[in-house]
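Undergrad: First the structure, then my questions, so here it is.
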Amino acid sequence: MRGIVGYGAYLPYWRLERKAIAEALGTPGGAGTRAVASYDEDTTSLGVEAGRAALRGVTVLPQALYFATSAPAYLDKTNATAIHAALDLPTSAFAVDVAGSVRGMVGAMRAARDTRASALAVLSDIRTGRPGGADERDGGDGAAAFLFADDGPDARVVAEPLGAASATAEFLDRWRLPGEAASRQWEERFGEHAYVPLGEAALTEALKHAGVTAAAITRLIVAGPHGRAVKRVAASAGVKKEAVADDLLASIGNAGAAHAGLMFAAALDWAQADDLIATVSLADGADASVWRVTGAPRRAAGVAAQLAGGGRVTYPTFLSWRGFLDREPPRRPDPQAPEAPPARRAEAWKFAFTGSRCQACGARHLPPQRVCVKCHAVDRMTPERMADVPASIATFTVDRLAFSPSPPMVVAVLDFEGGGRFQSEMTDVDPRAVKIGDRVSMTFRRLITAGGVHNYFWKAKPFRGGQS
Amino acid sequence: MASNGIRDRVAIVGMGCTPFGEHWDKSASDLLVDATGEALTSAGIELPQVDAFWLGTLFSGQSGLTLSRPLKIDYKPVSRLENYCATGSEAFRNACYAVASGAYDIAMAIGVEKLKDSGFSGLPGSGGVGDGTRTPLSAPATFSLLAPAYAKKFGIDEAQLKEVMTRIAWKNHKNGALNPRAQFRKEVPKETIACSPLVAGALGIFDCSGVSDGSAAAIIVRAEDAHRYTRHPLYVKALSFVAGPAAGPIDPDYDYTTFPEVVASAADAFAQAGIKEPRQELAMAEVHDCFTPTELVLMEDLGFSSRGTAWKDVLAGTFDLDGELAVNPDGGLKSFGHPIGASGLRMLFECWLQLRGEAGKRQIASVGRGRKLALTHNLGGAPGECVSFVGVVGSEPSA
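Chains Y and D are the protein sequences, given in the same order.
Per my numbering, residue -13 is the first one in the first sequence, and the count goes up by one each step.
Per my numbering, residue 549 is the first one in the second sequence, and the count goes up by one each step.
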């Protein structure tokens, strides 16, 4: 049996209250919140965090990685390779983008499901829209990841695919030209007219393929950028009313290519053995699949805790993070792009946060060194990955002079459990709340973009248990 | 022994120092011509008599041509060097060794920096960012790391530490107010200092040294020749320079309350100069007060205060102009300004004036009472990863 052996979800820390938009722009009041990727996050970094969560506690390493997003950080260059590097996957593992549209999510999941080797599907999105528009208000940011492998002693299948079906059609409901800040949408009723029969057809076919009835479905997930069509398909599916999953729109918004994945992860968190989960994705057609939850122990993605957590971001800050509000920079030299050859030489450090440990005396080094800081032994180092090692703050500062896309820059000297020190930028943090001795965990971020280059590296964030 | 030293082998016989500050109408070349001219006049010599030159600058030029071009030096050795903010002291140190070795009779050490042309707040950046994984902290932020670590270690609360920092800035402004060459020449009320806008951590704008333009120079000869040029030479007693392993940012044993590089260079310099009790033996010290917590920690690293007590000495006025040991009588980096390459030589310039009794309104009384030694301390880098210079000069050869 092949299926999902591990999964993870990542919601960014920040939430924007929809009424804050209404108050600022004088538009009708909105309810609830949307999840907001921080200024130092993009779909690649969100994907890394979801991928880390999916691989945590699993001994099987993916031999292929499929990355889906509607908002790739780079064009022309593959983004999945950065995720591959940050997850410290072997060079022999394949990595590819399925990027550009919400439907890519289905492509990544199908590819990971159907690959013969173990494979990871990473679904990630950041949804933007012009200030005051529905996409800004109703969109959300987040990522989910699913690891597929054959059932075995190293990896127990927690969800088994029973059947799937697709209905593809070409029509103009939602689109965006490359480089544009917002999508366009045709009249809402037209999309509803096009989507509903496609969704119904795909679900019917998938149920038939799986050999189950709609009434037997424990949890139905319908997701897609077209809100009205999603509601109609869910209502007409013929499943028990209580089986229709929370669409998460009130708390995080619609996370595009990641949304069905986030809902699926939430459903798995709450599922019991032999539950049947059906998913329908409405994006340029419809794709449906049916899953059986096994009795194997699951490591939950902690979606509920992540939904409950989060700090509030103000609307002006949100606008500046998304590039709609161009703030005056400090009177400092422009930040510079990282250079390609040193970044490649330092790949394990920069992307996987791999330091070194001295074999002579055991001292850890971040970044990796050739000469030991303690015993001065030369070239006696072995690599040691530090991304999942907790640390505490030895001293810190709030730098109001240094360039930051979202000043001030908070920097802490970190001492890692079991040894090792690093001076790290902090993120998702209130500068007034930092104290010596605070515990932190590491998170993969896009520090800045300079000269057209994204500078990816790790930062520390306050340790918040299971929450992001 | 870390070094043998060249105590009393060479002497300073002339110095020059431009006013520090915003020289909108002068280039680095102009400042070099000004400082050279003053130093030569002070020593009573002409440029062709100088056999070799050491030029220190961090950003304001490369190669010896930076000096030989404006001065039209005719085919003489000119070395340009940099060692972060200790660049000026490094120029001086190398010139002293050249004379002590016998290679040259007369050498000039000169430092210059033209910081205000960049238009930036603080220092311009330098070099590429490599793999992009180094945290791009500003200079004040790196030194601000000292403040919470020091407060925590010695059980001082934040408000007390801020009071200590404020008093250091207040003292250095008070001293600078008496100095016609200083960038900031007025006293600043403690409330203004304490309430100034925050730059990094607990550091307000008044906790930071001045960003400025300037140049300073010294003429160095063999000690036995010194009286040909001046009745009051300054004898070089000690020159110590260390670069640390930059272990602080990667070694959890470093606690951000000290500069081990300063401790090492001070011990070496005191051994060279034969100093046992610096606080009692020195007439004055010019120290690298780039930011107020730096001066606080330096008082302990240089042995002026025992560990964990410098903050009390600061509040007690121990290091005031009329205190037990005057520290930064010329106003320091804080109010004299900090044109990087020139600062180490500017510190020596104050020793030159004070030990010769030429410091006017800020003349230190202990010189009249027989104290004959002055210390300069210059560092570059950041806590846990720096280079440090400690030098001692004296107005008389040792017995």
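Glycine included, each C-beta is placed from N, C-alpha and C at the ideal position.
Just so you know, these numbers come straight off a predicted model, no measurement behind them.
Where does D/G562 fall in DSSP's three states?
TA: strand
Undergrad: Please look up how many angstroms separate the CB atoms of Y/A131 and Y/A36, rounded, as I've assumed it's under 8 Å.
TA: 4 Å
Undergrad: For D/Q708, which of helix, strand or coil comes out of DSSP?
TA: helix
Undergrad: Excluding five sequence neighbours on each side, which residues of the same chain lie with their C-beta closer than 8 Å to the C-beta of D/M549?
TA: Bear in mind that a pLDDT of 49 at D/M549, under 50, signals an unreliable position, so the number given afterwards is only what the model happens to contain. These residues qualify, in order along the chain: A819.
Undergrad: Quick one: which residues of the region 747 to 759 of chain D get their C-beta closer than 7 Å to a C-beta of chain Y? List them in chain order.
TA: V747, A748, G749
Undergrad: Could you run through the region 305 to 337 of chain Y and flag, in chain order, every residue whose CB is less than 8 Å away from some CB of chain D?
TA: So the list reads P316, R317, R318, P319, P321, Q322, A323, P324, E325, P328, A329, R331, A332, W335, K336, given in the order they occur along the chain.
Undergrad: Under 7 Å Cβ-Cβ, which residues of chain D neighbour Y/V34?
TA: Correct list: empty, because the minimum Cβ distance to chain D is about 15 Å.
Undergrad: Give a yes or no on contact between the region 678 to 697 of chain D and the region 900 to 913 of chain D, applying the rule of three or more CB pairs nearer than 8 Å.
TA: no
Undergrad: What's the C-alpha gap between D/P841 and D/P945?
TA: 35 Å
Undergrad: Out of D/P887, D/F852, D/R894, which has the shortest C-alpha to C-alpha gap to D/A766?
TA: The residue with the shortest Cα to Cα distance from D/A766 is D/R894.
Undergrad: Is any non-hydrogen atom of the ligand GTP found closer than 7 Å to the C-beta of D/D622, if you look at the structure I gave you?
TA: In the structure on display, the ligand GTP does not appear, and there are no ligands present to speak of.
Undergrad: Helix, strand or coil: which one does DSSP assign to Y/D111?
TA: strand
Undergrad: Tell me the DSSP bridge mates of Y/T340?
TA: Y/R371
Undergrad: Could you name the residues of the same chain whose beta carbon sits closer than 7 Å to that of D/Q610, not counting the 5 residues immediately before and after it, in chain order?
TA: R628
Undergrad: Relative to the C-alpha of Y/T340, which candidate in Y/L61, Y/G18, Y/L(-3), Y/A71 has its C-alpha closest?
TA: Y/A71
Undergrad: Would you call D/W602 buried or exposed, if buried means 16 or more other Cβ atoms sit within 10 Å of its Cβ?
TA: Counting C-beta atoms within 10 angstroms of its own C-beta, D/W602 has 16 or more neighbours from the protein chains shown and is therefore classed as buried.
Undergrad: With DSSP as the reference, please indicate the residues paired to Y/R205 in a beta bridge.
TA: Y/I263
Undergrad: Between the region 690 to 704 of chain D and chain Y, which residues of the former have a C-beta closer than 7 Å to a C-beta of the latter?
TA: S692, L693, P696, A697, K700
Undergrad: D/C899 lies in the alpha helix (DSSP H); which residues open and close that run?
TA: First-last of the alpha helix (DSSP H) with D/C899: 888 to 903.
Undergrad: Would you grab the beta carbon distance between D/K664 and D/D761 for me? Rounded to a whole angstrom, and I think it's under 8 Å.
TA: Their Cβ separation, rounded to whole angstroms, is 5 Å, which keeps D/K664 and D/D761 in contact under 8 Å.
Undergrad: Quick one: give me the first and last residue of the beta strand (DSSP E) that Y/T381 is part of.
TA: 377 to 385
Undergrad: Just by C-beta distance, which residues in the region 415 to 426 of chain Y are closer than 8 Å to chain D?
TA: I422
Undergrad: Near Y/R206, what residues of its chain come up, given a Cβ to Cβ distance below 7 Å and the 5 sequence neighbours on each side ignored?
TA: In the sequence as displayed, the identity of residue 206 of chain Y is Leu instead of Arg. Cβ neighbours of Y/L206 beyond the five flanking positions: A220, A223, V225, A229, V230, A231, A264.
Undergrad: Can you give, in chain order, each stretch of the alpha helix (DSSP H) that sits fully within the region 69 to 157 of chain Y and has at least 4 residues?
TA: 90 to 100, 120 to 124
Undergrad: Using C-beta distances below 6 Å, list every residue in its chain close to D/A874, excluding the 5 sequence neighbours before and after it, in chain order.
TA: Excluding positions up to five away in sequence, the list reads M832, I912.
Undergrad: Mapping the DSSP letters down to three states, classify Y/Q49 as helix, strand or coil.
TA: coil
Undergrad: Over the uninterrupted beta strand (DSSP E) stretch that includes D/L923, give me the two end residues.
TA: 921 to 930
Undergrad: Excluding the 5 residues preceding and the 5 following Y/G437 in the sequence, name in chain order all residues of the same chain whose CB lies nearer than 6 Å to its CB.
TA: A323
Undergrad: Hey, how far is the Cα of Y/S454 from the Cα of Y/P(-2)?
TA: Residue placement at Y/S454 is poorly supported in this model, since its pLDDT is 47, which falls under 50; the coordinates still yield a value, given next. Going from the Cα of Y/S454 to the Cα of Y/P(-2) covers about 6 Å.
Undergrad: Hey, could you find the ends of the alpha helix (DSSP H) Y/M249 is sitting in?
TA: 245 to 256
Undergrad: Sort D/I768, D/A687, D/T605 by Cα distance to D/V561 and report the nearest one.
TA: It is D/I768.
Undergrad: Taking 8 Å as the threshold (beta carbon to beta carbon), is D/A791 in contact with chain Y?
TA: no
Undergrad: Rounding to the nearest angstrom, what Cα-Cα distance links D/L685 and D/V845 in this structure?
TA: 20 Å
Undergrad: Return the residues of the region 589 to 608 of chain D that lie within a Cβ-Cβ distance of less than 8 Å from chain Y, sorted by chain order.
TA: Those residues of the region 589 to 608 of chain D that come within reach of chain Y (Cβ to Cβ, closer than 8 Å) do not exist; the list is empty.
Undergrad: Under 8 Å between C-beta atoms, does D/G650 make it to chain Y?
TA: no
Undergrad: Using only CA atoms, which one of Y/L158, Y/E186, Y/K360 lies nearest to Y/E173?
TA: When the alpha-carbon of Y/E173 is set against those of Y/L158, Y/E186, Y/K360, the nearest one is in Y/L158.
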